[in-house]
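Chains B and W, in that order, give the protein sequences. Using my numbering, read the first sequence as starting at 489 and increasing by one per residue. Using my numbering, read the second sequence as starting at 489 and increasing by one per residue. From the three backbone atoms N, C-alpha and C, an ideal C-beta is built for every residue, glycine too. The block underneath contains the structure these notes are about, expressed in structure tokens.
Protein chains: 2
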Amino acid sequence: MNTEEFRRNGYAVIDWLANYWQTVEQYPVLSQVQPSEIRAQLPAHPPQNGEAFPAMFSDFEQVLLPGITHWQSPNFFAYFPANTSPASVLGELLSAGLGVQGMLWATSPACTDLETHVLDWLVEMLGLPEKFLSSSSGGGVIHGSASEAMLAALLAARERATQGVTNQLGTNGNLVAYISTQTHSALEKAVKIAGIGLQNLRKIEVDEHFAMRADLLQAQIRADRAAGLLPFMVTATIGTTSSNAIDPIPQIAEICQREAVWLHVDAAMSGTAALAPEFRYSHAGIALADSYAFNPHKWMFTNFDCDCFFVADRTALLKALSILPEYLRNQASESGSVIDYRDWQIPLGRRFRALKLWFVIRDFGVSGLQKLVRQHIAWVQELAQQIASHPDFEVLAPVPFNLVCFRHRLGDEFNQKLLERLNTNGKIYLTHTKLNGRYCLRLCAGQTNVTREHVQHAWVLIQAEAQDLQAQ
Amino acid sequence: MNTEEFRRNGYAVIDWLANYWQTVEQYPVLSQVQPSEIRAQLPAHPPQNGEAFPAMFSDFEQVLLPGITHWQSPNFFAYFPANTSPASVLGELLSAGLGVQGMLWATSPACTDLETHVLDWLVEMLGLPEKFLSSSSGGGVIHGSASEAMLAALLAARERATQGVTNQLGTNGNLVAYISTQTHSALEKAVKIAGIGLQNLRKIEVDEHFAMRADLLQAQIRADRAAGLLPFMVTATIGTTSSNAIDPIPQIAEICQREAVWLHVDAAMSGTAALAPEFRYSHAGIALADSYAFNPHKWMFTNFDCDCFFVADRTALLKALSILPEYLRNQASESGSVIDYRDWQIPLGRRFRALKLWFVIRDFGVSGLQKLVRQHIAWVQELAQQIASHPDFEVLAPVPFNLVCFRHRLGDEFNQKLLERLNTNGKIYLTHTKLNGRYCLRLCAGQTNVTREHVQHAWVLIQAEAQDLQAQ
Chain B
489 MNTEEFRRNG YAVIDWLANY WQTVEQYPVL SQVQPSEIRA QLPAHPPQNG
539 EAFPAMFSDF EQVLLPGITH WQSPNFFAYF PANTSPASVL GELLSAGLGV
589 QGMLWATSPA CTDLETHVLD WLVEMLGLPE KFLSSSSGGG VIHGSASEAM
639 LAALLAARER ATQGVTNQLG TNGNLVAYIS TQTHSALEKA VKIAGIGLQN
689 LRKIEVDEHF AMRADLLQAQ IRADRAAGLL PFMVTATIGT TSSNAIDPIP
739 QIAEICQREA VWLHVDAAMS GTAALAPEFR YSHAGIALAD SYAFNPHKWM
789 FTNFDCDCFF VADRTALLKA LSILPEYLRN QASESGSVID YRDWQIPLGR
839 RFRALKLWFV IRDFGVSGLQ KLVRQHIAWV QELAQQIASH PDFEVLAPVP
889 FNLVCFRHRL GDEFNQKLLE RLNTNGKIYL THTKLNGRYC LRLCAGQTNV
939 TREHVQHAWV LIQAEAQDLQ AQ
Chain W
489 MNTEEFRRNG YAVIDWLANY WQTVEQYPVL SQVQPSEIRA QLPAHPPQNG
539 EAFPAMFSDF EQVLLPGITH WQSPNFFAYF PANTSPASVL GELLSAGLGV
589 QGMLWATSPA CTDLETHVLD WLVEMLGLPE KFLSSSSGGG VIHGSASEAM
639 LAALLAARER ATQGVTNQLG TNGNLVAYIS TQTHSALEKA VKIAGIGLQN
689 LRKIEVDEHF AMRADLLQAQ IRADRAAGLL PFMVTATIGT TSSNAIDPIP
739 QIAEICQREA VWLHVDAAMS GTAALAPEFR YSHAGIALAD SYAFNPHKWM
789 FTNFDCDCFF VADRTALLKA LSILPEYLRN QASESGSVID YRDWQIPLGR
839 RFRALKLWFV IRDFGVSGLQ KLVRQHIAWV QELAQQIASH PDFEVLAPVP
889 FNLVCFRHRL GDEFNQKLLE RLNTNGKIYL THTKLNGRYC LRLCAGQTNV
939 TREHVQHAWV LIQAEAQDLQ AQ
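As structure tokens, this is what we get:
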């Protein structure tokens, strides 16, 4: 593909995306293809000679598109959203075309500097403590996902707790990490990866709102210390994946301070709610956290991947992740006056992800972002009231933001069937969870183009499908 | 930005990139900005209201572009390349616009199925063993980087060596990993991350070609076993970062088989050379490797990030990385008939990266890719001969592919100054390494648009700059 063909094909892809976003509601939200259906249509061997772009694009439309689950549909209410926006997509396009590496400041200074700048902006935008600013002892960095942020936080916490000994001698089996039964599974995965061992992970029970019980956390830490173990990290959550529960950060933070245990706060989706000051109550206590992460790629209109990870004191993080081979040495790094983000993350290489985030913040403006977040929350809270007042349905958990967990009163099997019918129908896509052992449906509204009508229509469909199912 | 504005702005970005690639040689390859120069030009606070795209784009051009180091310049000879191509960029654009998650098969079947398919193609394209096919006991997956592949391989190796005990009980300090003194630093980082401890990492000495000495590896493994330790992983390299050395994989693989130690082969850049059958000699012994990774984002015209990671037996990898919370359960996964790539990688979320790789392979065709790789190698080998026959310069390591390490005979300080002058001049960008304690320059030609003339021109500039410096 030469440059002129790139122009022509590039315009075509831009047009296709514009049309796609406008017509996405005509596709089933959840792809209805069967395993092996797609591969059966693809040639078994790679082409010997180059092909023209229109041929590939036609295959994309004919063969692959039926296998797409439409995360950008306003009828996508599953999991957490992974939303995007036109400005973000153009940022990703520009980043791909520049193709720069941001592993070191010197390998593309603008990539590092814009990242530092935008992450400082976000401290202001979310009302986070000043210690997360790059001008303080801490700072922010873009990771690929909240999973990677959790792993990085865990490594920094271990580094601090063992004063670097684990890096030299290995993990000795006496380190203990704490989560709640509702914390994201990524922390469990991080514990496996880091060689801590799952028997050194304590899952603290939650209260009736699915929030971590600080009293049980305190008791467990004391018991572990008494047993000669070394408590080193607590992960608390603002907006759990299962039910959007908010752990009592002020109490947990106080315990962590007293016990000299690293506190990581995971606000992967719901951190975005803090854009609106009236929802910052959820971030109470954050001033005592050692690290914090939220994902603009979930609910802030920035396409995956874009997780913003902040630390209060970057020393432990850098010690845990720095390695300096000769071939990466350079004057700028050795001057100490620049940031080399490779030392803030798991991998070495990194894309210019700050570009899309910068475009998004400038495109929407702070007030534009606040407006969407407030709307999404208002629409889901309206829905939650409707569900709660319906005789056949019940809401199973508090609804602080834009996610509601609910079920039909006819039990697990009925709800399972209801979900399957709704998703097979293809008009909306919901997922499920279990709360107190009970199977329930989850509806999360955070897609960029979702409106009150989409949320209300989902509710109409849910009721209708439930009636049909009941009538069988 | 509404959809019509997206069309207009999208065309503008496409045009800008087309022009950028055509005119990239007019910029200094290595950005000449100073620390804090860029941030000083950016507003301290985020905008309250949304802005028009042209305003942002103008800031990109005025403020950020001077801070870009031009990895897509054909005069970029530093590090390893991170090249891209028009087809790849359109794949990334489409992926960003679709914004699908590939963490589970069900969350977008096409994303998983195309990835499996294209990685099977690559097994054929590189002449890799059939055990890396998805139809065998193994299979391939796209990771973000070779660092992540190394970490994943290490975790799978540990899982196999300890039969999963480390996942439960933690790392017990008796596991030992082996690399050469020339292996990429990412493996050292993986050892820290995994809690193995740096004292459990053995750096085996290399021979006069900077390749791992298999005899010393064997002796070290025996010594460690005799000391009651558990050797569990060797990482060998095809094309080291420093000098592009090729470790003796056949001998190393034989040792690993005998000792029941996991062999990971890192061919991050030079794996691409195996596209051409005449360079597959470098992959001799690969049939005995447990895992293998190479990066199309380095030398196969696919924009970062795209590392292809293959395992011979996926069982240990899946055991090391699987976690299944209720909210991710689904019928397709439980049927066992689909791949859920989240269990093959460190993070949970994942982009639709197979799209760009598929576009690249179809756009160039196998023969088109082979042609470029052969040319790059031929041009660098021609250059290496010229350097070797110049009275003032010497080549310091074998040149199997597209990277040459050389130095002026006037010593470390002279070469350091020479590199600084060349890079400050901005016409080309080289980096350095140390071989046998001697500072030397590295020139790697792998950028998509590099020609013989660019390589030859670099040599002219190097000689001229050296003469100038000598004359001072």
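Rounded Cβ spacing between residue i and residue j (contact assumed at less than 8 Å)
i      : j      : result
W:N911 : W:L518 : 5 Å
B:N537 : W:G685 : Actually they are not in contact, since the Cβ atoms of B:N537 and W:G685 sit about 51 Å apart, beyond 8 Å.
W:P569 : W:G934 : 4 Å
W:G627 : W:V799 : 7 Å
W:E882 : W:R909 : W:E882 to W:R909, Cβ: 19 Å. No contact.
B:Y917 : B:N571 : The Cβ separation is near 14 Å, so there is no contact.
Contact under 8 Å by Cβ, residue i with residue j
i      : j      : result
W:I811 : B:E676 : yes
B:T790 : B:K844 : yes
W:H896 : W:D880 : yes
W:F847 : W:L578 : yes
W:S779 : W:A644 : yes
B:V664 : B:L718 : yes
B:C794 : B:R841 : yes
W:L816 : W:L776 : no
B:H697 : B:A885 : yes
W:Y666 : W:V753 : no
B:Q589 : B:S583 : no
B:G661 : W:N660 : yes
W:Y508 : B:G585 : yes
B:A674 : B:M700 : no
W:Q670 : W:A733 : yes
B:A804 : B:E647 : yes
W:I737 : W:I709 : no
W:A872 : W:V854 : no
B:A682 : W:I834 : no
W:W867 : W:R940 : yes
Per-residue burial, residue i [other beta carbons within 10 Å of its own, 16 or more giving buried]
i      : result
W:Q522 : exposed
B:E492 : exposed
W:S561 : buried
W:A594 : buried
W:S877 : exposed
B:D956 : exposed
B:P784 : buried
W:V948 : exposed
B:H631 : buried
B:T936 : buried
W:T511 : exposed
W:G658 : buried
Among the options, nearest to residue i - alpha-carbon criterion
i      : options                           : result
W:S622 : W:G615, W:V611 and W:V577         : W:V611
W:M591 : B:D900, B:P888, B:A800 and B:F792 : B:F792
B:T557 : W:G587, W:A800 and W:P562         : W:G587
W:C796 : W:A674, W:C932, W:P813 and W:V629 : W:V629
B:Q481 : B:R713, B:N818, B:I875 and B:L704 : No answer is possible for residue 481 of chain B: the residues shown for chain B start at 489 and end at 960.
B:K859 : B:V938, B:F782, B:R930 and B:P736 : B:V938
B:W494 : W:N490, W:Y499 and W:F494         : Checking the displayed sequence, the identity of residue 494 of chain B turns out to be Phe instead of Trp. Checked all of W:N490, W:Y499 and W:F494; the closest Cα to B:F494 is W:Y499.
W:S633 : B:R830, B:I774 and B:E882         : B:R830
W:A756 : W:Q745, W:M788 and W:C744         : W:M788
W:D801 : W:S624, W:S821 and W:R838         : W:S624
W:F548 : W:T600, W:L530, W:P535 and W:F767 : W:L530
B:E513 : B:A946, B:Q651 and B:P534         : B:A946
W:L931 : W:G856, W:Q944 and W:G899         : W:Q944
W:A532 : B:W609, B:I681 and B:I692         : B:W609
_Completely contained beta strand (DSSP E) runs for the segment 863 to 931 of chain W, where each covers 3 or more residues_ = 881 to 883, 891 to 896 and 919 to 923
_Restricting to runs no shorter than 3 residues, where is the beta strand (DSSP E) found entirely within the segment 715 to 790 of chain B?_
718 to 725, 750 to 754 and 779 to 782
_Segments assigned beta strand (DSSP E), at least 3 residues, entirely inside the segment 594 to 636 of chain W_ = 627 to 631
*asked:* At 3 residues or longer, what runs of the beta strand (DSSP E) sit wholly inside the segment 666 to 719 of chain W?
replied: 689 to 692
*asked:* To test your reading of the DSSP string, which unbroken alpha helix (DSSP H) runs of 4 or more residues are found completely within the segment 793 to 819 of chain W?
replied: 802 to 809
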